[in-house]
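A.B. asks: Here it is, the structure, as structure tokens.
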Amino acid sequence: GKRTNEDLQRCLKEKDSLLKRVNDANDKLRANGEDKHREFEEEKRKLMSALDEASEKNIDMEQKNNVYRAEIEGLKGLLAAAEKKKTEVERTAKALKEMRGRDDTMIKMEEEKAQVEEKLKWKKEQFQHLEEAHEKLQSMFKASKKEMEEENSTLLDEIYSLQTKLDSQTRISEDL
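For the sequence shown, the UniProt record's numbering assigns the number 1 to the initial residue and increments by one for each residue that follows.
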């Protein structure tokens with residue numbers, strides 16, 4: 001009976017020791033899981049912030065594009081008005097010539113015509129420069145938008161991967 005009691009005591013001590021080791025390992029795993037969870041949350045927060053920043057850049061580019069488009073429309077209107085004015089001046093000059101009006105009136109009309117033509121030439125150049133700037137901006141906007149979409153896709157993939165790791169860690173912690 002004494003030997004059985006000693007065996008029982010020894011067995012009990014081994015179980016207590018084993019139980020203590022299991023509890024220590026469990027505590028360590030739980031602490032590691034909590035650290036990992038905090039790290040994943042921080043990484044997720046950073047990625048969301050980067051995503052917001054990229055979206056703001058895209059909105060800013062769209063607004064600039066709209067401003068340029070509006071300026072081009074305004075210049076098209078000015079250009080059309082200048083063309084109309086030039087046509088009126090030419091028609092008036094021709095009518096005055098046919099009426100064999102006074103020379104000084106003809107000279108004045110020719111000068112006005114030359115001024116209008118010069119203005120029209122300047123407006124056409126200005127319009128051309130603005131159109132080139134608009135095309136360049138549109139090209140930059142498309143490239144920026146494509147880059148942002150790629151960044152968004154990458155960020156979403158990283159967020160999904162982190163969420164999967166987090167879910168896995170949470171399940172492991174709960175199982176313990």
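Where is the CB? At the ideal position from N, CA and C, for every residue including glycine. In this text, all values refer to a predicted model and were calculated from it rather than measured experimentally.
If contacts are defined as beta-carbon pairs under 8 angstroms, then Q138 and N58 qualify, I think. What distance do you get, rounded to the angstrom?
C.D. replies: Wrong, their Cβ atoms sit about 14 angstroms apart, outside the cutoff.
A.B. asks: Write down the C-beta distance between K113 and A82 rounded to the nearest angstrom, noting that I regard them as a contact closer than 8 angstroms.
C.D. replies: Actually they do not touch by this definition, with Cβ atoms about 12 angstroms apart.
A.B. asks: Nearest to R91 by CA position, among K123, M109 and L12, is which residue?
C.D. replies: M109
A.B. asks: Less than 8 angstroms separating the beta-carbons of Q126 and L162?
C.D. replies: no
A.B. asks: Less than 7 angstroms between C-beta atoms, sequence neighbours within five positions excluded: which residues of the same chain meet that for K36?
C.D. replies: Q169
A.B. asks: Expressed to the nearest angstrom, what Euclidean distance is found between the alpha-carbon atoms of E41 and K165?
C.D. replies: Looking at the two C-alpha atoms, the distance is approximately 11 angstroms.
A.B. asks: Between V67, A80 and Q9, which has its C-alpha nearest K121's C-alpha?
C.D. replies: A80
A.B. asks: Please state the DSSP three-state secondary structure of L176.
C.D. replies: Reduced to three states, the DSSP call for L176 is coil.
A.B. asks: Suppose you measure from the CA of D104 to the CA of Q128; what does that come to, to the nearest Å?
C.D. replies: The straight-line gap from Cα to Cα measures roughly 36 angstroms.
A.B. asks: Excluding five sequence neighbours on each side, which residues of the same chain lie with their C-beta closer than 8 angstroms to the C-beta of I72?
C.D. replies: Counting only Cβ-Cβ distances below 8 angstroms, and skipping sequence neighbours, we find F127, L130, E131 and H134.
A.B. asks: Is the CB-CB distance between L176 and R30 below 8 angstroms?
C.D. replies: yes
A.B. asks: Could you tell me the alpha carbon to alpha carbon distance between K145 and Y68, rounded to whole angstroms?
C.D. replies: 17 angstroms
A.B. asks: Within its chain, find whatever has a CB closer than 7 angstroms to the CB of E149; leave out the 5 residues flanking it on each side and keep chain order.
C.D. replies: none
A.B. asks: Our contact map puts residue 194 next to E158 with C-beta atoms below 8 angstroms; I'd like the distance itself, whole angstroms only.
C.D. replies: Shown here, the chain extends from 1 to 176; a query on residue 194 therefore has no answer.
A.B. asks: Quick check on DSSP: helix, strand or coil for G74?
C.D. replies: Residue state for G74 is assigned as helix, using DSSP reduced to three classes.
A.B. asks: Three-state secondary structure (DSSP) at M99?
C.D. replies: coil
A.B. asks: Among the residues of its own chain, which have a CB less than 7 angstroms from the CB of N26, if the five just before and after it don't count?
C.D. replies: Non-local beta-carbon contacts of N26 in its own chain, meaning distances under 7 angstroms to residues more than five positions away in sequence, involve L176 in chain order.
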